[in-house]
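To keep things clear, I will list the structure first and then write my remarks on it.
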Amino acid sequence: MMTIQQMEKELRVLICAQCRSQFGGDPDSVVFGMPPETIDADYAVECFSMSKLFRKSPADIARTIANMDRPEWVDSIIPAGPYINIKLTPAFLERTVFDQIDAEQTRFGWQKQDTPARVIVEYSSPNTNKPLHLGHIRNNVLGVAVVNLLRAMGNDVIPASILNDRGIHICKAMVAYRKFFEGQTPETAGMKGDHFVGMTYVRFDQESRGDESLMEEARAMLRAWEAGDPATRDLWKRMNRWVTEGFEQTYARLGSTFELVQFESDMYQEGKSLALDGVQKGIFYRREDGSIWFDLRDIGLDEKAIVRGDGTSLYLTQDLGVAVDRARRYHPDRVIYVVGSEQIYHFKALFAALGRLGFEWAAQCVHLSYGMVYLPEGKMKSREGKVIDADNLMDDMTRMALDVMEESHLQIDDADRRSIAEAIGIGAIKYFILKVGALKDIHFDPRGSLSFDGSTGAYLQYTHARIRSILNRAGEVPDTDCITGWLTQKEETTLLRKLLRFPRCLSDAAADLNPSRLALYLWELAKLYNGFYTNHRVLDAPGPEIRAARLRLCRSVAMTLRCGLELLGIRAVERM
RNA sequence: GCGCCCGUAGCUCAGCUGGAUAGAGCAACGGACUUCUAAUCCGUAGGCCGUAGGUUCGAAUCCUACCGGGCGUACCA
């Protein structure tokens, strides 16, 4: 059996061979594009870019390539001006697509690497003084999708998170707890732990506005923490535990998982010793007040502080320490940081610092940045409590989905209904985020996003459920291996051609670290399927062969939708 | 000031490393359920791809300048 990837490679080799024999060289690249709808072909290759290389007109090149010997599975290679259009034999197209999907199932389009690259993907990395909000959702959703895509491409991926569990923001929550909530726990307050601590943090902000002394207390608390004061450390541990327990629930709903969780409180010393090391080597320098700096003006940045005058560490110091620690323990080939675009400068500085300290792997660090998430009123401000809380949002979306389900005729018990509503509600958020390119800001319209119309996760899930319903009614899907050639309708061919492109969609999305490509592909696939669905019958198709062939087509589309959705972290439901 | 990102239909966005006639969705209007899930489908309408130059056989895509918006430029994280 030949896979789609092997078949495309084979075609490329043949085209190159023809170029070598006729023009004396290989083309720079052979890109398999999509012919316009009016042309009946599976691939289009443009010959413009070869024109300069071979000193012939694109049309001449197209004609020459089209004359090549073709394997028996290629139906025709037809030059059309500067393009060649390649059409596979319909039977081969069907067999290749169907057999591969049947063989690979939920791993359709995945690849194996002989020596898998080890990739650390850092994402989420929250502060432990408040619950996760919409901005974190974007981070987690992107992070999960990137992890999944890289894994599908055969990489050895380590999802990592670092909890920012120390610093003045934590102390603020602790001060407020002692002053206003002493003796209470998340249980007595009837709240999730992260929400409980978040409440103390908000309270601090409110109270400290009219009372400067609170800020003083927070600073004193930070000093006590650094000094290792037992009572302070005790409270700190307790509150951190509340928060992380709350996070675990949120992560479970979001589908975020980590293989490596580290704590800033364990790591920040490492960065400091690296800084001192750098001073010794003459890479960093001290100012009179004792602070440590390095100069990035030669690469268009500024001077950056790396340790404070009082010897305490900064954000950059911590990330330096974490990076070196991870490299030492895991020897990654790449490190991908999923962090908002407001940190672009920070990561430039971080990577530059690592490079100057002599770590060659610094060149393999990538900051995958993404845009802001705005509310209609403006940027989210966590201290003002004007945020879309992650848990609340997931609840709201789930409830919305439930309401819509109530109106439907679906006969299912309450537990199933809840679970499906959860998949739809959370899938809607995820798809809403993933379908736009990461760099774009998202203007989040809470009401609008609750709609399930158009290019949405629910649309994809609905299409999947619709197909599954047909397959369930059909019972056993007969094996049509020996009866290819029955899918002759336009919609059927278009669907097959779309399926043909799934493996490349995955590898492109993974290579660009861009899940939105996959999100878009799935929407297009679902759209094509729904077009087919309204125009043609499956179960009572005209003849048993067509019925069987269509069932197999349906099964393949459903499986591809499921594969894609799951890579995006969205559950494909059987019914809805 | 400097750096990075964004600017495509009324709104939200696609448009792959330049390539066959700029595409969707939403909103608006008009159609399609005795028929495999109408959370669907079909149709109509809507564009000087921010502006001006440049490179090219060919530009929404690459380069330059400008305009508009965002983010950053902390001994905050």
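Under this note's numbering, the residue at position 291 of the first sequence is numbered 293, and the numbers go up by one with no gaps. Every residue, glycine too, gets a C-beta built ideally from N, C-alpha and C.
(1) Do you know how far the Cα of Tyr523 is from the Cα of Ala5?
(2) Ordered along the chain, which non-local residues of its own chain (more than five positions away) have a Cβ less than 6 Å from that of Ala61?
(3) Going by the beta-carbon positions, is the gap between Gly169 and Val199 smaller than 9 Å?
(4) Taking 7 Å as the limit between beta carbons, can you name the residues of its chain near Met580, skipping five residues before and five after?
(5) Grab me the residues of Phe534's own chain with a C-beta within less than 7 Å of its C-beta, minus the 5 sequence neighbours each way, in chain order.
(6) If you count every other CB in all the chains shown that lies within 10 Å of the CB of Tyr45, and 16 or more means buried, which is it?
(7) Excluding the five sequence neighbours on either side, which residues of its own chain have a C-beta within less than 6 Å of the C-beta of Leu527, listed in chain order?
(8) In its own chain, which residues sit with a C-beta less than 7 Å from the C-beta of Val159, not counting the 5 before and 5 after it?
(9) Across which residues does DSSP place His369 in a beta bridge pair?
(10) Could you give the distance in angstroms between the alpha-carbon of Glu189 and the alpha-carbon of Asp291?
(11) When you compare only the Cα positions, how much space is there between Leu569 and Asp213?
(12) Using only the alpha-carbon positions, how far apart do Ala119 and Tyr332 sit?
(13) Express the C-alpha separation of Leu318 and Ala162 in angstroms, rounding to a whole number.
(14) Select from Trp363, Asp416 and Glu424 the residue whose C-alpha is nearest the C-alpha of Arg401.
(15) Going by DSSP, name the residue or residues bridged to Trp295.
(16) Between the alpha carbons of Asp196 and Glu261, how many angstroms are there, rounded?
(17) Identify the residues that DSSP records as bridge partners of Val76: which are they?
(18) Excluding the five sequence neighbours on either side, which residues of its own chain have a C-beta within less than 7 Å of the C-beta of Ser129, listed in chain order?
(19) Could you please give me the residues that DSSP links to Phe265 through a beta bridge?
(20) Check whether the stretch 97 to 114 and the stretch 130 to 149 touch, using three or more Cβ-Cβ pairs below 8 Å as the test.
(21) With which residues is Val121 paired in a DSSP beta bridge?
(22) Rounded to whole angstroms, what is the Cα-Cα separation between Ala521 and Gly566?
(23) Tell me the start and end of each unbroken alpha helix (DSSP H) in the stretch 204 to 276 that is at least 4 residues and wholly inside, in chain order.
(24) Taking the C-alpha atoms as reference points, what is the distance between Tyr179 and Ala191?
(25) Using CA coordinates, which residue listed in Leu395, Ala277 and Ala355 is at the minimum distance from His135?
(26) Using a Cβ-Cβ cut-off of 8 Å (strictly less than) and excluding sequence neighbours within five positions of Met269, which residues of its own chain qualify?
(27) According to DSSP, is Leu645 part of a helix, a strand, or is it coil?
(28) Answer yes or no: do Ile88 and Ala19 have a C-beta to C-beta separation smaller than 9 Å?
(29) Would you report the Cα separation of Val406 and Cys556, rounded to the nearest angstrom?
Short version:
(1) In the sequence under discussion, the amino acid at residue 5 is Thr, which differs from the Ala named in the question. About 20 Å.
(2) Gly83 and Pro84
(3) no
(4) Residue coverage of the chain in this structure runs from 3 to 578, which leaves residue 580 outside it and unanswerable.
(5) Glu493, Glu494 and Leu497
(6) buried
(7) Lys500
(8) Val121, Val123, Val149, Leu152 and Arg153
(9) Tyr339
(10) 47 Å
(11) 50 Å
(12) 12 Å
(13) 18 Å
(14) Glu424
(15) Tyr287 and Ala307
(16) 22 Å
(17) Leu90
(18) The residue asked about is misnamed: residue 129 is Asn in this sequence, not Ser. Correct list, in chain order: Asn166 and His171.
(19) Leu165
(20) no
(21) Val159 and Arg336
(22) 8 Å
(23) 214 to 228 and 232 to 256
(24) 13 Å
(25) Leu395
(26) Ile164, Gln320, Gly323, Val324 and Asp327
(27) A query on residue 645 cannot be resolved here, the shown segment of the chain reaching from 3 to 578 and no further.
(28) no
(29) 26 Å
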